[in-house]
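The opening residue of the sequence shown carries number 1 in our numbering; numbering runs sequentially from there.
Reading through the structure tokens given below for one structure.
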Amino acid sequence: MCAAVADCFILTFRGLSRAARLDWLKLECRTEGTLERVEGVSQFTRHATFATLTVPAGSDVTKARAMLERAEHSCLTRGVRTLEAEVVTAPPA
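Written as structure tokens, this is what we have:
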């Protein structure tokens, strides 16, 4: 389930960034899930996604962070979700 949440996040980000014409170099992502028994049924009740996005030097970091947050909110998962994101700028080539 955690891998599916991470895949959803990455694929959604790719689509959103393409539509917004946001150039990026690398996206590293991992997701942690909390599995609990709720009313006798095991289910994931929360997911935390940790992402590091590398963008070219001179990129709009605010726009990049907004795209990461939008991707996290667009995924179709239940339960509480959180995103801890970092945008780093690559050194000039």
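Each residue gets a CB set at the ideal place from its N, CA and C atoms; glycine is no exception.
- Alpha carbon to alpha carbon, what distance is there between Ala-64 and Gly-15? By one-based count along the sequence shown, residue 15 stands at place 15. By one-based count along the sequence shown, residue 64 stands at place 64. Approximately 13 Å, taken between the alpha carbons.
- Query: Since Ala-4 is in the alpha helix (DSSP H), which residue starts that stretch and which ends it?
  - Reply: Residue mapping note: residue 4 aligns to position 4 of the sequence shown, counting from 1. Where Ala-4 is concerned, the enclosing alpha helix (DSSP H) stretches over 2-19.
- Query: Whose C-alpha, out of Ile-10, Cys-75 and Thr-45, is nearest the C-alpha of Glu-36?
  - Reply: Position 36 of the sequence shown holds residue 36. When each option's Cα is compared against that of Glu-36, the closest is Thr-45.
- Item | Where the beta strand (DSSP E) containing Ser-42 begins and where it ends | By one-based count along the sequence shown, residue 42 stands at place 42. Unbroken beta strand (DSSP E) run through Ser-42: 41-55.
- Where Met-1 falls, given that 16 or more other Cβ within 10 Å makes a residue buried: On the sequence shown, residue 1 is found 1 positions in, with the first residue counted as 1. Label assigned to Met-1: exposed.
- Message: Looking at Leu-25: is its Cβ nearer than 8 Å to the Cβ of Ala-93?
- Response: Sequence index remark: in the sequence shown, residue 25 carries index 25 (1-based). Sequence index remark: in the sequence shown, residue 93 carries index 93 (1-based). For Leu-25 and Ala-93, no; Cβs fall outside 8 Å.
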